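Under our numbering, the first residue of the sequence shown carries the number 5, and numbering increases by one thereafter. All residues carry an ideal CB built from backbone N, CA and C; glycine is no exception. Values in this document were obtained by computation on a predicted structure and should not be read as measured data. Structure first, commentary second.
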Amino acid sequence: MKKHMFILLVVMMPLKLLLAQQVNVDSSNLKELLETRNARVHASKFSKGAAESREGFLQRSFMPSVSIYGGQETFRSGTLSQRSQPVYGAEVSVNLFNSGRDRIENKVRELETEKRQFQIQRVTSEELEKARATYWQVLYLKEKVMLLKEVLKVNAQNLSDALKRIKGGVATSTDRFEFEMKEVDLKRELAEAEVQFLNQKRFLTVQLGIDSVSMLDFKEEFFHDHQSDSDIGELKNQYEFLIKESEIQSQQYALSSEEKKRSWWPKLDAFAAYNQYNQRVDSAGTDAFTHDMRRDMAIGLKLSMSIPSGFEANREADSMAKEQMATKSLVDYQKKEIEMDLLSDMSELRLMHDLVHEAEENIGRAQRYYSLTQSEYKRGVKNSPDVLGAAEKLFTMKNRRLEIIKNFQVAKSHILSKMGQ
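Below, the structure is given as C-alpha cells:
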C-alpha cells in the first residue's frame, strides 16, 4: 500500500509543478507579460540604466583632479656614487571655467537618457506588435484545428450515409471514393495546422520569455466584438514616441556642434603642487643640494587653449550641424510616413469590420445550403459530389470568417502598438 502511494506521489508531483507554472495568456495581459519577460525590452532598460550612470557630468567637472605619485629610485648621476632615494609628489587641479563645454556635455548626456527612455517605449511597441500578431495566429490555428476535426466528423458521417446508400443499391460503389479522398486531404490539412499551431506557440514563448510551450494557457475566445473597436480612432495622435529618438538625436547633434565651436575658447584651472625630488634631478648633481632644497611647491592659475585642435573642431562642428539637419529631415519624413501608415491601417480595419459581418451572413447561407443538400442526398435527389461541394462551401465560409477575424485583430494590434497601447 505504501509502495503504491509513493508511486502515485511521484507521478502526481510533476503534474502539480506543471500546473503551478502555467501562464494564462490573453490579449489583456500580453503587454504586462512582455514588459516583465521580453529579452529585448530588458536589454533596452539596461541600456537606459547605462545612460543614467553617465549623468551628472557638470557637477563632476568641478571636482578636484588629484594626481599622486611616489617611488624609490636607484641611480648614479655625475660624480655621485650609486644611490637609492625616494621621489614623490602630488598635484591638485580644479576646473574654474571651461567655456561652457561641460554644461553642453552634461545636457547631451541627459538627452541620451531621455532618448533611451523613448527607446524602451519603441522596443516595447515593436515586440508587442509581434507578440500580438503571433498570439492571434495561435488562436486562429487553434480554432482551425477544431474546425478541421469537426469537418472530419461531418465527412465521416457522409461516408457512412454513402455506404448505406451503396448497400441499399441506391448508389454505386464509386460514391464512397469522393468522401474517402476528402478524408485524406482533411487529415493532411489537419496535420499541417497542428504543426503550425505548435510552431506559433514556440514563437510566442520566445517573445514572452516563457520557458516552455506547455506553460502556455489560452482561455480567451476567438471572436470579433463589434462594440469594442469604435474607440481606436480617438488614439490616432499618440504615436509621437516613435519619432522622439530621432528628434532628441537632432538636439544632441546641435549641442555637439556648439561644443566643438567652443574649442577655441580658453580653459581656466586652479592648481597646487608639491614635489619631492631626489639628487638625480639636481642641476649640479652634488651633495650641496639638501633634502629640503629638493622640495618643490607651487600654487596658481593656469589658462590654456589648444590651437591645432581648434581647427579640427571647426570641421567637426560643421559636420555635426549637417548631421543635425539630416536627422531633422528624417524626423519630418518619419512623421508623415507613420501618419499615412495609420490611415491605411484604419481603412483596412474598417474593411475587415465589414467583412466579418458578410462572412457571418455567408456562413448562415452555407449552413442552410449544406442541410438542404444533405437532406436531398438522403432522398436520392443529390449525389456525393453535391454533398461534398456543399460541405466544402460551409468549411470555406467558416475558415474565411476565422481568417478575417485574425486579420482584423492583427491590423488592430498594429494600430494600437503604434500608439503605445
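What does a CB cutoff of less than 6 Å around residue i pick up in its chain, not counting 5 residues either side in sequence?
| i | result |
| --- | --- |
| ALA55 | GLU116, THR117, ARG120 |
| LEU22 | Below a pLDDT of 50, predicted positions are generally treated as unreliable, and LEU22, at 45, falls in that range; the measurement from the model is reported next regardless. Within the same chain, LEU22 has no close Cβ partners at all. |
| ARG80 | GLN86 |
| PHE101 | LEU272 |
| ALA277 | GLU95, ALA302 |
| LEU156 | LEU190 |
| ALA274 | VAL98, LEU100, LEU305 |
| ARG44 | VAL127, GLU131 |
| GLY75 | VAL91 |
| PRO68 | VAL96, VAL98 |
| ALA64 | The sequence given here has Arg at residue 64, not Ala. For ARG64, where only same-chain residues beyond five positions count, there are no Cβ hits under 6 Å. |
Taking the alpha carbon of residue i as the reference point, which residue from the options has its own alpha carbon closest?
| i | options | result |
| --- | --- | --- |
| GLU429 | THR78, GLU131, GLU59 | With the chain covering 5 to 425 only, the question about residue 429 has no answer from this structure. |
| PHE412 | ALA363, MET185, GLY424 | ALA363 |
| GLY304 | VAL29, LEU62, ASN99, SER88 | ASN99 |
| ASN403 | VAL149, PHE61, ALA277 | VAL149 |
| GLN26 | ASP215, ALA43, LEU420, LYS171 | ASP215 |
| VAL435 | ARG44, SER417, LYS223, PRO389 | The question about residue 435 has no answer here: the residues shown for the chain are numbered 5 through 425. |
| LYS35 | GLN253, LEU156, LYS134 | LYS134 |
| GLN256 | ALA330, ARG354, PHE275, LYS191 | ALA330 |
| LYS416 | LYS397, LEU398, LEU355 | LEU355 |
| THR1 | GLU154, VAL199, ASP221 | In the structure displayed, the chain extends from 5 to 425; residue 1 sits before or after that span and is not available. |
| ARG105 | VAL199, PHE66, SER71 | PHE66 |
| GLU147 | ALA197, SER51, VAL70 | ALA197 |
| VAL188 | MET219, LYS153, LYS49, ASN33 | LYS153 |
| LEU307 | TYR373, PRO270, LYS205 | PRO270 |
| SER31 | SER103, LEU212, ALA47 | LEU212 |
| ILE419 | SER177, TYR281, LEU353 | LEU353 |
| GLU262 | MET344, LEU62, SER323, GLY53 | SER323 |
Using a Cβ-Cβ cutoff of less than 7 Å, which residues in the same chain neighbour residue i once the five nearest sequence positions on both sides are dropped?
| i | result |
| --- | --- |
| GLU249 | LYS119, PHE122, GLN123, ARG126 |
| GLY424 | GLN125, SER129, GLN242, PHE245 |
| TYR73 | TYR92, GLY93 |
| GLU428 | Here the chain covers residues 5 to 425 and nothing more, so residue 428 does not appear. |
| PHE10 | Confidence is the limiting factor: at PHE10 the pLDDT is only 49, short of 50, which leaves the residue's position unreliable and the question unanswerable from this model. |
| SER388 | ALA166, ASP179, GLU182, PHE183 |
In the DSSP assignment, the alpha helix (DSSP H) including residue i goes from what residue to what residue?
| i | result |
| --- | --- |
| THR138 | 105 to 171 |
| ASN28 | That residue, ASN28, is in no alpha helix (DSSP H); its beta strand (DSSP E) goes 27 to 29. |
| GLN86 | It is not in any alpha helix (DSSP H) - GLN86 carries neither H nor E in the DSSP assignment. |
| ILE408 | 388 to 422 |
On the premise that residue j lies in contact with residue i, defined as a C-beta separation below 8 Å, what is that separation, rounded to the nearest angstrom?
| i | j | result |
| --- | --- | --- |
| GLU59 | GLU109 | Rounded, the Cβ-Cβ distance is 11 Å, inconsistent with contact. |
| ASN159 | ALA370 | Between ALA370 and ASN159 the Cβ distance is about 16 Å, and since that is not below 8 Å, they are no contact. |
| VAL391 | THR400 | Not confirmed; about 15 Å, so no contact. |
| VAL142 | PHE201 | 7 Å |
| ILE408 | VAL360 | 5 Å |
Start and end of the beta strand (DSSP E) containing residue i?
| i | result |
| --- | --- |
| TYR278 | 271 to 280 |
| SER308 | 299 to 308 |
| TYR257 | No beta strand (DSSP E) contains TYR257, which is instead part of the alpha helix (DSSP H) from 245 to 265. |
| GLN283 | Counting along the chain, GLN283 falls outside any beta strand (DSSP E), and DSSP gives it neither H nor E. |
| PHE61 | No beta strand (DSSP E) contains PHE61, which is instead part of the alpha helix (DSSP H) from 61 to 65. |
| GLU77 | 69 to 79 |
Using beta carbons (cut-off 8 Å, strictly below), is residue i in contact with chain B?
| i | result |
| --- | --- |
| ILE108 | Any reference to chain B falls outside this structure, which holds one protein chain only. |
Got a sec? Which residues, its chain only, sit under 8 Å from residue i by beta carbon, not counting five neighbours each side?
| i | result |
| --- | --- |
| LEU151 | PHE399, LYS402, ASN403, LEU406 |
| MET5 | Summary for MET5: the model assigns pLDDT 49, below 50, so the residue's position carries little reliability; its value from the coordinates is reported in the next sentence. Cβ within range, chain order: n/a, list empty. |
| VAL174 | GLY384 |
| GLU193 | LEU152 |
| request: Would you check if there are 3 or more beta carbon pairs closer than 8 Å linking the region 184 to 201 to the region 159 to 168? | output: Contact between the region 184 to 201 and the region 159 to 168 is present: three or more C-beta pairs spanning the two stretches fall below 8 Å.
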